[in-house]
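Residue numbers (the numbering used here), protein chains in the order written: chain A, 129 to 718; chain B, -1 to 589.
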């Protein structure tokens, strides 16, 4: 796994990465001196009854410790600057990349995963950088340094250390390598359980209507006890860490005492040195525990870096910044370009599937006409809209919009040309005004109200105390389905773009409102030359269109107005009769 | 009918502790074991510096080593080390067991409580918030319990024991150590408080950033089609810059505590060395005593240093437990009692008498509603968006209780029979297709898990779902995941319809059931529904007037009220609201 882009962002912090560890090292060196001084206090001060020596050594030790603190503080400050700075840089880059992901890639990752990468993974990496500066040098240095010091005091006795350290490392490895996957599956089970709960809450009406609470609680209870079992196993495994560490330390002390007695007996060593050795032993084992935790942190960071890198390596949407000046900007609504649409031999495949969805799809829509797209679910009606909006890229062929190759039109021009009302009327957190504008600052408040009026939304917006400034909560939950749909329509009508796409956009509206909307839109002077693309499954909705495209399974079956299709296409006739059949009580007046 | 109590989100801490204790109490034996292991285990651990000191005193110098004494001490040392570690392991195991047991119990309580909560309470809450009680808050409780039980007892024993042993070695040195303790406590407390403040600011900013990020990532298609991505990128970036300020401070402050405590500990250690050294030089202490005192000075500082982090952990455990208990305190639906009669649906006639209902006090949504639906009729509920059609479902199935009046089915009040038998009498297909994570056949068999494969397939066939299910690579065993888009909205709805087909309930409620299904399938479904509705009372809620023209009775709703009722012809003749709605549709066809 390559994580070069993630690592590359560390470059501006090279100086921090040197200064921080340097001062941390200084602290560690000073810290290592303390046991030696204590040994001197015991061997010289106590043995010779020299109180003044003891005082002086004590002051020296304190001075070293204080100097150590200052070094450490410099390091911690440097680390906080570098780590937070790195995290901020990484998040900024990632945010930009995520926002410019092609829709198909964003779908593949999923919104939850993308925001986790932006928030959780970057903060793991930020933590890793902080630890890199603060601990990665300190902990191994302390363990090695303490070992060297011990060897200097009495290399034969310190040989015990050489045996005990690998044993310790092995035990740490055993415990951690087993507990890490256990903890991971615990988290998975936990998420499972909370999604069962979420599911229960969301489906409570259905569950209660079927009186199946018991079944769902049994499923929950089973998942619950599976989780509890896992938690216990993981907990008990981790519970080995402390007692084993302690036992090993005690055994090492025991050995040092035993052999120490023998060394002292043979006048190879002093009591003070023995105390110092025990001190170093404690330091080593403590430092090794830190090392083990670091290993775990870096294992986590490694996969976090991988996930971040994955986004950084995903291709971005290509947006053309500068294109031909002769292209009439969509923002300028006073002079509409002759916005016709041509699909020429278009091949398209959804990223997740293998076969061609559109194969050499060709058709032409004239400017200022009303066009209907009809066909069963999954026939490709919405896909045409999405390809036209450059949400997905076609593989072969050409799409022309207002005489221009679609690939030559940049996103802001496209937005000015095409107003789109998606199937699910999405709203974002913010005010109604922000939802209508969506970043398009040029419109006046009057224009906003006009669009709302056309969309039959002005009444309920006006009824709100705060009018256009009314807060929309996440996903527009504080508005009914019909209100959301009308706001989405107003958003698309804003600025009267030359092409407007309604993707099954009036499904939540009652007939009276639907009719009022149609009438308002059709009689609006600014929308006279607009091309309409109306996507529907119902012939009734598109019957009056100048041009109807009948689609099935990604293929254009027939094209023409209602009467033409009725004579020309068997499928259209079937569709017509099937819809007529259910409405026979209207006396065939569909 | 039910009084609407106000829930207190922030239960006072003592109450939370008391409630928590009630769950821990059932583990009394384990708790006794924890106390025993903590006291005995830490006691043994405490002996090791003393034994080390004594051992050092057995080896005064060359030729002056008391070998028999030393060996005896070392044997004792080994024994205490083994006993100490064993008891520690026992301590941790037991605390883990208690924590796991308590959290399992809380999870069960939460799930059971949610099952009994009235929908008025559920509708108020964001489902993801309730779900996070199970992860985030319960984790905090579990960690708090483990730390609390193992560290709290262990820490107290260590503190008291060290103090006792040090006092026995030398009172003067002990007093000096005791002076340093509050200092250490004070300084590390200050640092922790400063860090916590910054962390709170940071995590608030982080939550804001997360919310914007989630929304932006979720609405990428929309932002893309309106070219509004740059605005969101800028928004994210500016939040990120604000985050830097708090984050950097939070990091620095929190990273202060380790070096500062190291200095304080080192000072205590050095001070102990100097003071006991001087005493030893005067002959008041042995070298071994000095070593023991040094050992204890290190042990003594450990629980003191950890107090702040333990306290923070306990704090967040209490906060989590508080949130859990405040949900558990919300009112529940009154449970069915075994004496309650079972709803017996014969024909399924409905009577509503003087029904008043409102979602919140003072709203007055439905007033004095009277309604009679003859057995076996097909009732259409019509009206503009937001007219209160789903309210009707809420009332009929007792998801919400009416304020006054009565609703009777086949002359039994729905308030006199058990809820479960009432609800079992209904079959619903709602506007939002709810399926759970599981296979397609599990979902279809939801109401009747004992159904045979043939029955499941038959239900799917009559719902018009069999052919597309069979075409899926894994057929009926295809797993449905919560967020997955393997199935279209229409397909999901077909599965819901199959589920209702299989349940075969005496009364049907169909809400917008066919709005997401393509017209070929819709035709099939309508045929199947007509079969299903034959002889059953059914309520059809739909936007399209055409789909409800078959009905025996049409209820026209507007602004929460049923404003007109009657057959199609009667309503047209009355020339009221329905007539104008119908004209609107009719006219819409002509333009």
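Note that the Cβ used here is the ideal one computed from N, Cα and C, for glycine as well.
- DSSP places residue 660/A in the strand class (E or B) of the three-state scheme.
- For residue 195/B, the enclosing alpha helix (DSSP H) has its first and last residue at 169 to 216.
- With three or more CB-CB distances shorter than 8 Å, the region 135 to 147 of chain B counts as touching the region 98 to 105 of chain B.
- Three or more beta-carbon pairs drawn from the region 405 to 418 of chain B and the region 339 to 356 of chain B are found closer than 8 Å, and the two stretches are therefore classed as touching.
- Counting only runs of at least 4 residues, the region 615 to 672 of chain A fully encloses the following alpha helix (DSSP H) elements, listed from N- to C-terminal order: 639 to 651, 667 to 670.
- DSSP places residue 581/A inside the alpha helix (DSSP H), whose first and last residues are 573 to 582.
- Secondary structure at residue 376/B: strand, using DSSP grouped into helix, strand and coil.
- Identification of chain B residues near residue 393/A by a Cβ-Cβ cut-off of 9 Å yields 57, 59, 60, 61, 62, 63, 65, ordered along the chain.
- For residue 218/B, the closest Cβ of chain A is nearer than 8 Å.
- DSSP places residue 505/B in the strand class (E or B) of the three-state scheme.
- For residue 339/A, the three-state secondary structure derived from DSSP is coil.
- In the structure shown, the three-state DSSP call for residue 594/A is coil.
- Here residue 181/B is exposed: its Cβ has fewer than 16 other Cβ atoms, across all protein chains shown, within 10 Å.
- Taking C-beta atoms as the reference points, residue 269/B and residue 277/B fail to come closer than 8 Å.
- Annotation: Cβ neighbours of residue 364/A in chain B (cutoff 7 Å, chain order): 91, 94.
- Counted as a single uninterrupted DSSP element, the beta strand (DSSP E) harbouring residue 352/B occupies residues 348 to 355.
- Within the region 294 to 316 of chain A, no residue places its CB atom closer than 7 Å to a CB of chain B.
- Beta-bridge analysis with DSSP links residue 683/A to 680/A.
- Its chain contains no residue whose beta carbon lies nearer than 6 Å to that of residue 543/A once the 5 sequence neighbours on both sides are disregarded.
- For a Cβ distance threshold of 8 Å, residue set 76, 79 of chain B lies close to residue 379/A, ordered along the chain.
- Restricted to the region 56 to 144 of chain B, the alpha helix (DSSP H) segments that are unbroken, complete and at least 4 residues in length are 65 to 114, 117 to 122, 125 to 130, listed in chain order.
- For residue 22/B, the enclosing alpha helix (DSSP H) begins and ends at 11 to 22.
- The three-state secondary structure of residue 369/A, taken from DSSP, is helix.
- For residue 560/B, the three-state secondary structure derived from DSSP is strand.
- Rounded to the nearest whole angstrom, the C-alpha separation of residue 597/A and residue 562/A is 8 Å.
- The C-beta separation of residue 167/A from residue 400/A comes to about 4 Å, placing the pair in contact by the 8 Å criterion.
- The C-beta distance from residue 84/B to residue 147/B rounds to 18 Å, too long to meet the 8 Å contact threshold.
- Listed along chain B, the residues sitting closer than 8 Å to residue 174/A by beta-carbon distance are 275, 278, 279, 285, 288.
- Per DSSP, the unbroken beta strand (DSSP E) holding residue 499/A starts and ends at 498 to 502.
- Fully contained in the region 293 to 336 of chain A is no alpha helix (DSSP H) run of length 4 or more.
- When rounded, the separation of the alpha-carbon atoms in residue 377/B and residue 428/B is 16 Å.
- Looking from the CA of residue 622/A, the closest CA among 132/A, 394/A, 353/A, 576/A belongs to 576/A.
- In the DSSP assignment, residue 396/B falls outside any beta strand (DSSP E) and carries neither an H nor an E.
- Under the three-state reduction of DSSP output, residue 361/B falls in the coil class, being neither helix nor strand.
- Rounded to the nearest whole angstrom, the C-alpha separation of residue 263/A and residue 42/B is 32 Å.
- A contact between stretches requires three or more CB pairs, one per stretch, nearer than 8 Å, and the region 50 to 66 of chain B fails this requirement with the region 330 to 345 of chain A.
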